[in-house]
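Each remark here refers to the structure printed beneath this line.
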Amino acid sequence: MFCAPVQIHRAQHIIRIKIGDIPRGTPVPHFSGSTSAGAAAAMPTVHKNILASESIAFANFFDSLTPDSPCSNVVEITGYPHHIVETAIKFCYFRNFVVPLTFEDAILLLQFFDEYKIELLKKQFVEFLINQISVTTVTRLGQCAIKCHAKQLQEKCDAFYYNR
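86 is the number that the UniProt record's numbering gives to position 86 of the sequence shown; each next residue is one higher, with no gaps.
Dropping the structure here:
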């Protein structure tokens with residue numbers, strides 16, 4: 001039995017995902033830190049079914065493809081640094097994936113999860129960011145909450161702000 005993977009090609013802030021077939025049980029993708037054009041030869045493989053099961057946006061995209069579509073094997077992710085896309089995909093594989101994150105990385109991941117409709121991870125990051133609310137972060141988190149349609153985070157920021 002085969003499941004379709006996607007391959008990720010990095011070129012600055014454009015991530016191209018190529019769809020193909022690989023056997024079940026293929027290990028989790030390994031991402032290299034290289035962003036050179038030569039890195040395309042060593043593209044990591046990501047299972048299409050993993051992305052589709054986590055993301056309504058990816059599932060809808062994959063469902064809309066036909067074999068004769070001109071772009072039937074490519075999707076581009078723009079606007080996010082490579083390390084954010086890599087981390088987001090690894091979170092799709094492992095809910096308890098541990099990686100050191102900066103405050104800005106956590107906000108970018110929440111934005112990624114919102115944009116690509118990865119609801120379970122979005123909820124986890126909202127809960128994480130609620131615990132990060134402080135005098136120095138409340139404004140930035142409030143703006144992020146509005147942009148990401150994170151009502152719970154927005155309410156907590158409002159409560160923090162008005163109770164000060």
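Cβ atoms here follow ideal geometry from the backbone N, Cα and C, with glycine treated the same way. Since the model is a prediction, treat every value here as computed from it, not as a measurement.
Confirm, please, whether the CB-CB distance from L110 to V126 is below 8 Å. yes
Taking the straight line between their C-alpha atoms, what separation do you get for Q154 and L141? 8 Å
Cα-Cα separation, H47 to E104: 27 Å
Buried or exposed for L51, going by 16 or more other Cβ atoms inside 10 Å? buried
By Cβ distance below 8 Å, which residues in the same chain neighbour L101 in space, the five residues on each side in sequence not counted? T87, L109
Tell me whether the beta-carbon of K117 lies closer than 8 Å to the beta-carbon of I56. yes
Complete alpha helix (DSSP H) runs within the stretch 68 to 152 (minimum length 4 residues, chain order): 82 to 93, 103 to 115, 119 to 130, 138 to 147
Excluding the 5 residues preceding and the 5 following I89 in the sequence, name in chain order all residues of the same chain whose CB lies nearer than 6 Å to its CB. V46
Taking 8 Å as the cut-off, decide whether the C-beta atoms of L120 and A106 are in contact. no
Straight-line Cα distance separating P81 from F160: 31 Å
Around the Cβ of F94, are there at least 16 other Cβ atoms within 10 angstroms (buried) or fewer (exposed)? exposed
F91: buried (16+ other C-beta within 10 angstroms of its C-beta) or exposed? buried
What does a CB cutoff of less than 6 Å around T139 pick up in its chain, not counting 5 residues either side in sequence? none
Determine whether the beta carbon atoms of I133 and K151 lie at a separation below 8 Å. no
One question on the structure: do K122 and D114 come within less than 8 Å of each other, judged by their Cβ atoms? yes
Apart from the five residues just before and just after H149, which ones in its own chain have a Cβ nearer than 8 Å to its Cβ? D114
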